[in-house]
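What follows is a single structure, written as structure tokens, with notes after it.
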Amino acid sequence: MGDGENLQADRVSANFVKSSAANTGIDVTDLKSVDSTNSWCLRQCEAGKGLPFICFAQEQTSGRGRRGKQWFMAARSNIAMSVAWSFSAPNQSLQLLPLSIALAIAETLESLGLKQVQIKWPNDVYLQGVKIAGILIETQPVKNRQDDKQLAVVIGVGLNYDMSVFAPDILKKLPALTDVCEQVELQKIAVKPERDDIARSLQENVVAACQAYPYALKENLSKFRARYDYCKDKNVEIILDNKEVLSGVAQGLNDNAELLVLIEGEQRVFNSAEVSVKPVNVSLKTKGQS
């Protein structure tokens, strides 16, 4: 990338931060490069930075997902955003927060005219049957607060926008929004959506989800059950922390956002801290795509 392109990218980034801050009234930082937007936000919380605030990064060198997984992101390719928010604990249960944020991502994609947007419990967003975005939520006590019931909650969102810089073997596993847009007809827009426009809409929707939480919990559960449950009625594999693998049929979520799975005739309950859920037919479908 030449110097002219770098300067142009810097101007776009500066304009993005200015407009984002104006839209939300929240401090927005856009970093050229960082290890992880979540890690950066956690460090800022530890240093006593006032909540809420938002961080974007043009490049992540050590992006993180749930359960120690790595999130791939080359410079100026995908969307890496973290929102640091203050929640009251234990009065505001955070069990349904991943679902609320996933719905905000899903609605962002649908606003572009994209169809077949679903959520794979507990924190992945799927588009046209493949993972397009993930969520990582981390917490710590609010610094310099006498009220020890306040939690600083860092909500990390990673969305694959353009994965073209990666090798073909990685691309097969990590499809991107631009790839999907080339394969499906967009009814509401004539051109590929711009990364900054998606990031701005994503930010607004995630902030709105935080503001509405926990008042919208029942509504969000109803939305998820009616339209977005990717695993419902599918054969799934449950991998426990001790690596034991169980197989069954997903039965949806209970009111605590725990996964219900029918295993050998018995309905069992799993929460996000205990298991990873992998629909059996996801890998088969992905392999069959051209």
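Residue numbers for the sequence shown, in our numbering: 347 to 636.
Idealized CB from N, CA, C, for every residue including glycine.
If you count every other CB in all the chains shown that lies within 10 Å of the CB of residue i, and 16 or more means buried, which is it?
| i | result |
| --- | --- |
| residue 623 | buried |
| residue 407 | exposed |
| residue 466 | buried |
| residue 393 | exposed |
| residue 616 | buried |
| residue 502 | buried |
| residue 561 | exposed |
| residue 504 | buried |
| residue 611 | exposed |
| residue 591 | exposed |
| residue 594 | buried |
| residue 423 | buried |
| residue 473 | buried |
| residue 376 | buried |
| residue 389 | exposed |
| residue 313 | Because the chain spans 347 through 636 in this model, residue 313 falls outside it and cannot be assessed. |
| residue 396 | exposed |
| residue 575 | buried |
| residue 602 | exposed |
| residue 379 | exposed |
| residue 551 | buried |
| residue 588 | exposed |
| residue 404 | buried |
Between which two residues does the beta strand (DSSP E) holding residue i run?
| i | result |
| --- | --- |
| residue 606 | 605–609 |
| residue 487 | 476–487 |
| residue 397 | Looking at the DSSP string, residue 397 is not in any beta strand (DSSP E), and its letter there is neither H nor E. |
| residue 375 | 373–377 |
Return yes when the C-beta of residue i is under 7 Å from any heavy atom of the ligand GDP, and no when it is not.
| i | result |
| --- | --- |
| residue 427 | Among the ligands in the structure shown, none appear at all, so the ligand GDP cannot be discussed. |
Taking residue i and residue j to be in contact with their CB atoms under 8 Å, please state how far apart those CB atoms are, rounded to whole angstroms.
| i | j | result |
| --- | --- | --- |
| residue 398 | residue 374 | Not quite, the Cβ-Cβ distance comes to about 10 Å (not below 8 Å), so this is no contact. |
| residue 339 | residue 489 | Look at the range of the chain in this structure, 347 to 636, and you will see that residue 339 is not part of it. |
| residue 372 | residue 545 | Their Cβ separation, rounded to whole angstroms, is 14 Å, which puts residue 372 and residue 545 out of contact at 8 Å. |
| residue 384 | residue 482 | 6 Å |
| residue 607 | residue 584 | 6 Å |
| residue 485 | residue 548 | Residue 485 to residue 548, Cβ: 21 Å. No contact. |
| residue 487 | residue 479 | Not confirmed; about 28 Å, so no contact. |
Considering residue i, what are the terminal residues of the alpha helix (DSSP H) in which it resides?
| i | result |
| --- | --- |
| residue 496 | Counting along the chain, residue 496 falls outside any alpha helix (DSSP H), though it belongs to the beta strand (DSSP E) covering 496–505. |
| residue 405 | Note, residue 405: premise wrong, no alpha helix (DSSP H); not H, not E. |
| residue 384 | 383–392 |
Practice item. Scan the region 540–612 and note each continuous beta strand (DSSP E) run of 3 residues or more that stays entirely inside, going in chain order. Key: 581–586, 591–599 and 605–609
Review point. Quick one: any contact between the region 440–452 and the region 559–578, if contact means 3 or more CB pairs under 8 Å?
Key: yes
Exercise for review: Counting only runs of 3+ residues fully inside the region 427–471, write out the beta strand (DSSP E) ranges in chain order.
Suggested key: 463–466
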